[in-house]
Amino acid sequence: MFKAIAAAIARIFKIGIGGLRWCENLVLSPFRALFGGGGALPNPEFNPTMTSTELLDEYESNRKAQAALQRSDRDSIECVVKYAAASPAARATTDLSAVPAEARLALLTMDDFELKALAAAGPGKVRKWVEGRDHGIFGVPNMSATRPINVAPAPSQPPVGMTPQQQMIWRVQAHLGKPEHSKEFRIA
Numbered sequence: 002m003f004k005a006i007a008a009a010i011a012r013i014f015k016i017g018i019g020g021l022r023w024c025e026n027l028v029l030s031p032f033r034a035l036f037g038g039g040g041a042l043p044n045p046e047f048n049p050t051m052t053s054t055e056l057l058d059e060y061e062s063n064r065k066a067q068a069a070l071q072r073s074d075r076d077s078i079e080c081v082v083k084y085a086a087a088s089p090a091a092r093a094t095t096d097l098s099a100v101p102a103e104a105r106l107a108l109l110t111m112d113d114f115e116l117k118a119l120a121a122a123g124p125g126k127v128r129k130w131v132e133g134r135d136h137g138i139f140g141v142p143n144m145s146a147t148r149p150i151n152v153a154p155a156p157s158q159p160p161v162g163m164t165p166q167q168q169m170i171w172r173v174q175a176h177l178g179k180p181e182h183s184k185e186f187r188i189a
C-alpha cells in the first residue's frame, strides 16, 4: 500500500514538472523566436598542424632561450652594479666580460659621480642603460647604440708619473678596451 501511494505522489510531481515546463515554453516561445533560441554555440573546426611532441619541443626551446637571455641580462646588470659600487682600486680587477662592449666602454669612461648614480639605480634602470635605452638615471648620460664610441688605441706604455696602482688600472682599462677581451678565458 505504501508503495502505491509513493508511486502516485511521484507521478503527480512528474506531471506537475512537465506542466510547468509547458507553461514556461508557452510564455517564452515568442521571445525565443524573436531573439534567438540561446542554444549552445557551434564548436569551431580545429585541425592542429603540429604534433604534441613538436609543440613540447618548441615550448622547451623557447623556455631555455628565454632563461638564457634573462640570465645574461642578470649577469650584465650584476656586473655593472658591482663595478659601479666598487672602490677605484677594486674596479681594476672587476671582470666586465658579461657587459656588452658599448656599455663596457661607457663604464670605463665614467667618473665617480656617474658611477655612484649608476650603482644607486634599480635593476630595471640599469638594464635599460645596458641596452642603450632611455633609463632615467639622473647624472648618468644616455648610451645609445646609434652613437658610435670611438676608441683610440692605447699606447704600449703607461703615461709617465703614474703610481703603481694607477698603472695597474691603466693596464686593465687598456686591456678591457680591446674587442677580443677575455674570449680565451670564457667558459663554454
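Take 2 as the starting number for the sequence shown in the working numbering and just add one per residue. Positions of the beta carbon are idealized from the N, C-alpha and C atoms, including for glycine. All values reported here derive from a predicted model rather than from experimental measurement.
Go ahead and label A90 buried or exposed: buried means 16 or more other beta carbons lie within 10 angstroms of its beta carbon, across all protein chains shown. Working through the sequence shown from its first residue, we reach residue 90 at position 89. Result: exposed.
Secondary structure of G19, DSSP reduced to three states: Numbered from its first residue, the sequence shown carries residue 19 at position 18. Residue state, collapsed to three classes: helix.
Can the beta-carbon of A118 be found closer than 8 Å to that of F139? Along the sequence shown, read from residue 1 onward, the residue named residue 118 stands at position 117. Along the sequence shown, read from residue 1 onward, the residue named residue 139 stands at position 138. Contact flag set, yes.
Thinking C-alpha only, which one of Q158, S88, C80 and A87 is nearest W130? Reading the sequence shown from its first residue, position 129 is the one you call residue 130. It is C80 whose Cα lies nearest to the Cα of W130.
Rounded straight-line distance, which links the Cα of G37 to that of I13: Walking along the sequence shown from the start, residue 13 turns up at place 12. Walking along the sequence shown from the start, residue 37 turns up at place 36. Rounded to whole angstroms, I13 to G37 spans 33 Å at the Cα level.
Alpha carbon of E132 to alpha carbon of D58, nearest angstrom: Counted from its first residue, the sequence shown places residue 132 at position 131. Counted from its first residue, the sequence shown places residue 58 at position 57. Inter-residue distance for E132 and D58 is about 30 Å (C-alpha atoms, whole angstroms).
Burial state of A85, where buried means 16 or more other Cβ atoms lie within 10 Å: As a working note, residue 85 is residue 84 in the sequence shown. Buried, because 16 or more other Cβ atoms sit within 10 Å of the Cβ of A85.
Hey, could you find the ends of the alpha helix (DSSP H) D113 is sitting in? For the purposes of this step, residue 113 is taken as the residue at position 112 of the sequence shown. D113: member of the alpha helix (DSSP H) spanning D113 to A121, first to last residue.
Only counting the same chain, and skipping five residues up and downstream in sequence, which positions put a Cβ closer than 6 Å to that of R172? For the purposes of this step, residue 172 is identified with residue 171 of the sequence shown, where counting begins at 1. Result list for R172: empty, nothing under 6 Å.
What does the alpha-carbon distance come out to for the pair C24 and E46? Residue mapping note: residue 24 aligns to position 23 of the sequence shown, counting from 1. Residue mapping note: residue 46 aligns to position 45 of the sequence shown, counting from 1. Taking C-alpha positions only, C24 is separated from E46 by approximately 37 Å.
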